[in-house]
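These protein sequence lines map, in sequence, to chains A and B.
According to our numbering, numbering within the first sequence proceeds without interruption in unit steps and concludes at 665.
According to our numbering, numbering within the second sequence proceeds without interruption in unit steps and concludes at 293.
C-beta atoms are modelled at their ideal positions from N, C-alpha and C, and glycine is treated no differently.
Keep in mind the model is a prediction, meaning the values are calculated, not measured.
A short worksheet on the structure shown next.
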Amino acid sequence: MHEGAKGVAEGVRKGIIFSIVTVFSLAMLTPYVWMLLLSFKHQAEINKANTFLPDVWTLRNYIKVFETVPMVHWFMNSVMVAVSATTIVLFTSTLVGFIFAKYKFRGKNIIFWFILATMMVPPQTTMVPSFLLIDRLGLYDKLPSLVIPGMVGGFGIFLCRQFIEDIPDSLCEAALIDGAKDFYIYWHVIIPLIRPAIGALTIFTFLIYWNEYMLPLLYLNNPLNMTLSLAISFFSTQRTTDVGAIMAVATLVMLPVTIVFIAFQKQFIKSIAMTGVK
Amino acid sequence: MKNNRFVAIVLVPALTLLTLFVIIPIMGSFFFSLFDYNPLRNQNHFLGLGNYARLLQDSTYIKSFQNTLIFVFVTVAINIALTLVLGQFISGVKRRWLRNLFLVAIFLPCVAPVANSAVVWSRSMYPTKGGLINVLLMALDITPVNWVGSPLMLMPALIIFTIWVDIGYNTVLFTAGIDGIPKDFYEAADIDGAGHIIRFFKITLPLLGRTFSFVTAMTIISHFQMFAQFEIMARDGGPGKAGQVLTTYIYYSGFKAKDMGYASAISVTLFLLILAVTLVQQRLNRVDWGY
């Protein structure tokens, strides 16, 4: 009898928790649903603000966006920055991580400490000198200004070192005896064994570069050079009254990330758990 | 292994880049903070600590400093409390696909550019006329709130937005952390007749230990650095500078007012603030929480 009551109480508790989480998850999505709905409404209907679903569905906002602003160009700018930066960061992080995990050399600890210390410098605290440096290097208003400063990063090196240290030394030594060169060991022994770390670092780095707002704001000037993050904010200040068009741009910015995220959701969530907990 | 040539070939360029793009800029912030530096002028006078003396007299700086602290501590406190509960709840959902669905919904704002979400909120959620939140409030017969247009509500609006945009990370981390706690602890507590709330405070929280302190510290540090939502929702600090924080004040002083020496002095104070939090966190992390 007692057990049965307890089972019912447990069931009710589970039901309540389940409902709370469901409502909460739906609430999290609401701003995006609203954005999507507004992007299909006529401006007159948005101004009246008395409907939830559009009375008349229209593609005018999207047509206007593609006719008046270089949406595809902005998208390609973001792709170029995020892909090149991620590729370079993966290469340097794994290679430097390999050096620290498997090699003996003088000053190793102090150099590693130095690399970790660079992680404690947030870019927000170096806006002025970084800008002057970028300008001096002739990178102002050029996309490489977003890629070059971050080509080597403490976080990636730290993560890769952790993972490479777990690979038994005997594997590297066996390759060495077989006459393999250092870079060959890195490429053919180490890299295939740290796939999970590489996956996590790819997602992590790509997100940072894809979403970055402050550095494009500081380093870019010509609207044609903008990345998506900056472009949406630029567009919304240019067309303050055209909410439908702003929401159309916002939807177009959301679309690719949402598709990629849904397709690789398991890897995304696993990577975040891994980079955080490890 | 040993091969000094290979080590040097890799490390020399890597360390050069780190020095050029991290160490020199932070030293630059300290250096420029001693000058009345404006890039458009020929003469830039040495001020010593003059810029720092000016900070103490500048009401906008003091306001930005207070806003930053209020924003960080309120947002992080709510964020951590909320994500702990969500982590506990989601960890209890047994069906894999359902659990993934929840995490996907909660994590989506973390994947999208913050700037994009800030534009969406300021143009479609917060406006007094037609903003969804106010439409819903009016449906409940509550007077609409002027979220981003009033000095009183701007900071709450920024806090609500930031919680929404950022809880995904911590929810995932806490869900994973709670999943990792051995189940026998809960079974033992169950036999002892401990309720869910007691179990949460006596088992979950202490055993999350490392994850908890790590997540809290990382969240605090990342919130000190937030920029995009402030620049977009509170242009130039917003009404009454109610949405001005240190990061945006650095930006406006250095790049709008072209007062780069002064902006560098603000940067130095923000750097020291974040450094202090980092050092405290590392001290606390030495406490052994293991089980």
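- Between the C-alpha atoms of G179/B and H198/B there is a straight-line separation of about 18 Å.
- For R285/B, no Cβ of chain A is located within less than 8 Å of the residue's own Cβ.
- For W421/A, a Cβ of chain B is located within less than 8 Å of the residue's own Cβ.
- When Cβ pairs closer than 8 Å are counted between the two stretches, the stretch 492-509 of chain A is seen to touch the stretch 13-31 of chain B, the count reaching three or more.
- Runs of alpha helix (DSSP H) with 4 or more residues, each lying fully within the stretch 15-88 of chain B, are found at 26-34 and 52-59, listed in chain order.
- Contact of A637/A with chain B is assigned, a C-beta pair being separated by under 8 Å.
- Between the alpha carbons of L51/B and P583/A lies a gap of roughly 49 Å.
- Within chain A, the residues whose beta carbon sits less than 8 Å from that of L13/B are V483, I486 and I498, listed in sequence order.
- Within chain A, the C-beta atoms nearer than 7 Å to that of Q227/B come from P509 and Q511, in chain order.
- Of all C-beta pairs linking the stretch 444-459 of chain A to the stretch 509-524 of chain A, fewer than three are shorter than 8 Å, placing the two stretches out of contact.
- A distance below 7 Å between beta-carbons, with the five flanking residues on each side excluded, links Y54/B to the following residues of its chain, in chain order: A267.
- Of all residues in the stretch 257-287 of chain B, those with a C-beta nearer than 8 Å to a C-beta of chain A are F257, M262, A265, S266, S269, V270, L272, F273, I276, L277 and T280, reading in chain order.
- Rounded to the nearest whole angstrom, the CA to CA distance from K260/B to T624/A is 22 Å.
- Per the coordinates, the alpha-carbon of S406/A lies some 27 Å from the alpha-carbon of T438/A.
- Residue contact check for V78/B against chain A: no CB pair falls below 8 Å.
- Contact between the stretch 108-120 of chain B and the stretch 218-234 of chain B is present: 3 or more CB-CB pairs across the two stretches fall below 8 Å.
- Nearest to P27/B by alpha-carbon distance, out of I404/A, P536/A, F501/A and V399/A, is P536/A.
- Relative to the Cα of M634/A, the nearest Cα in the group P418/A, P643/A, R548/A and L530/A belongs to P418/A.
- Taking a beta-carbon distance threshold of 8 Å, V122/B counts as an interface residue toward chain A.
- Excluding the 5 residues flanking it on each side, G541/A has same chain C-beta neighbours closer than 6 Å at I502, L503, T505 and M506, in chain order.
- Think of a sphere of 9 Å around the beta carbon of L615/A: the chain B residues whose beta carbon falls inside it are P115, A117 and N118, in chain order.
- Taking C-alpha positions only, L275/B is separated from L175/B by approximately 26 Å.
- The Cβ of V466/A sits no closer than 8 Å to any Cβ of chain B.
- Of the residues L286/B, S66/B, L142/B and K96/B, the one whose Cα lies closest to the Cα of G402/A is K96/B.
- Residue environment for M458/A: buried (at least 16 other C-beta atoms within 10 angstroms of its C-beta).
- About 6 Å separates the Cβ atoms of R125/B and V630/A, confirming a contact at the 8 Å cut-off.
- Contact of K243/B with chain A is not assigned, every C-beta pair being separated by 8 Å or more.
- One alpha carbon belongs to V640/A, the other to F273/B, and they sit about 32 Å apart.
- Check the Cα spacing between L210/B and each of N40/B, T85/B and F75/B: the tightest is with T85/B.
- The beta carbon of G263/B sits closer than 6 Å to the beta carbons of F34, F37, D38, Y39 and N53 from its chain, once the five residues preceding and following it are set aside; these are given in chain order.
- At a cut-off of 8 Å between beta carbons, F48/B makes no contact with chain A.
- Rounded to the nearest whole angstrom, the C-alpha separation of K65/B and L57/B is 11 Å.
- Within the same chain, and ignoring the five residues on either side of L110/B in sequence, the residues whose Cβ sits closer than 8 Å to its Cβ are G170.
- The Cβ neighbour count for G240/B, taken over all protein chains shown within 10 Å, is at least 16; the residue is labelled buried.
- By the rule that beta-carbons nearer than 8 Å mark a contact, P418/A touches chain B.
- The DSSP-derived three-state label of Y606/A is helix.
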